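Keeping their order, the protein sequence lines are chains A and B.
Each number in the working numbering corresponds to the 1-based position in the first sequence with 351 added.
Each number in the working numbering corresponds to the 1-based position in the second sequence with 999 added.
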Amino acid sequence: MADALTLTATTPCYGLLPKSIGTCDLIETNLGRLTSIAPYKQSALSEALKDAHRLAFPAPNRMTGNDGARAIWFGRDMALLVGPTPDAALAEHAALTDQTDAWACVTLSGEDAAAVLARLVPVDLSAAKFKRGHTARTQLGHLNASITRTEADSYLILVFRSMATTLVHDLVTAMESLAARR
Amino acid sequence: MRLPCPICGDRDRREFYYQGSAVALSRPAPDADAAVWENYVHLRENQPGDLDELWSHDAGCGAWLVVTRNTVTHAISGAKLASEAAR
Ligand SMILES: [Zn+2]
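Okay, here's the thing in structure tokens:
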């Protein structure tokens, strides 16, 4: 049993999630290790990433890989390695920065997920334009966010950890307002 | 207003931060005349029509862009990476 002096690590959305509202579910997602990769030379890094993690370096607005290990395009000349501990060989070709505790990571899924995000995000995230494996650095409300479609009706959303409460508040408000109109 | 980011594609204006005329890319030599520096730091043409401007895609890819915007109509006629424009 924990005593009064034992500190317990909590996740960014501890006490805030999960939420099920209308047709949508919002859950916190444990992605494992998060590492930003800023290549010195993209071709060399891309080879190393393939050898070490069987992942292609993602083109802008794209994600590669799957649940076990993903590489999400994360900005100009940058990708986020999601899941595995980065292979030491990558450090020869890129600046690697551990970001594991820096991001609040949630998954929004359900029939109305795209409609919920349409209320908050100034990018067309509907299925016709934003398919599985597509990603965007954009805004969610006033928050800078990384948004990726991981499944047909499922989005992975990352914002700075300090913004977790605002993220959940904005998403829950949009979910409630859509549910109320069904 | 939407700006055509060469990396991200067409994006809403709110994702960007505005830094004014792209004159900042033509920095004078360190030993240039004081009048040249004064012109660079303080003086702008401010003419109506097409203007090359610096915009940062803050909430997107993070790149600095040179965007050509008509200051009368807000029509955008092009955008390129500032790193390429400065070459
Ligand atoms: Zn961009």
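Heads up, the beta-carbon is just placed ideally off N, CA and C, and yes, glycines get one too.
Given the structure is predicted, the values throughout are model-derived calculations rather than measurements.
Item, Value
"Own chain, CB closer than 7 Å to R470/A, minus 5 neighbours either side, in chain order", "A525"
"Beta-carbon proximity check, A455/A vs M429/A, cutoff 8 Å", "no"
"Inter-stretch contact at 8 Å, needing at least 3 Cβ pairs: the segment 511-524 of chain A / the segment 435-451 of chain A", "no"
"Same chain, Cβ closer than 7 Å to A1058/B, five either side skipped, listed in chain order", "E1014"
"Cβ distance (whole Å) where I372/A is taken to contact E527/A below 8 Å", "6 Å"
"Euclidean distance between Cα positions of R384/A and A422/A", "12 Å"
"Chain-ordered neighbours of I1006/B on chain A, where CB pairs are closer than 7 Å", "P411 and R427"
"CB contact flag (P1047/B, T1070/B, <8 Å)", "yes"
"Test: T489/A CB closer than 8 Å to a CB of chain B", "yes"
"Under 9 Å by beta carbon: chain B residues contacting P435/A", "The premise fails here: P435/A is roughly 25 Å from chain B at the closest Cβ pair, so nothing lies under 9 Å."
"Closest by C-alpha distance to C1004/B, when choosing among G426/A, L356/A, A360/A and H493/A", "G426/A"
"Distance between G419/A and L432/A (C-alpha atoms, nearest Å)", "11 Å"
"Contact set between G363/A and chain B, taken where Cβ atoms lie within less than 9 Å", "A small fix is needed here, since residue 363/A is Pro in this sequence, not Gly. Per Cβ cutoff of 9 Å: no residues; P363/A is ~20 Å from chain B at best."
"Chain-ordered residues of the segment 471-484 of chain A with a beta carbon less than 8 Å from chain B", "P473 and V474"
"Exposed unless 16 or more other CB atoms sit within 10 angstroms - verdict on E443/A", "exposed"
"Delimiting residues of the beta strand (DSSP E) encompassing V1065/B", "W1063 to N1069"
"Cross-chain neighbours of R1013/B in chain A, by beta carbon under 8 Å", "P473 and Q490"
"Distance between beta carbons of D463/A and L529/A, contact taken as under 8 Å", "5 Å"
"H485/A: CB within 7 Å of a non-hydrogen atom of ligand 1", "no"
"Per DSSP, the bridge partner or partners of L358/A", "Looking at the DSSP assignment, L358/A forms no beta bridge with any residue, so it has no partner."
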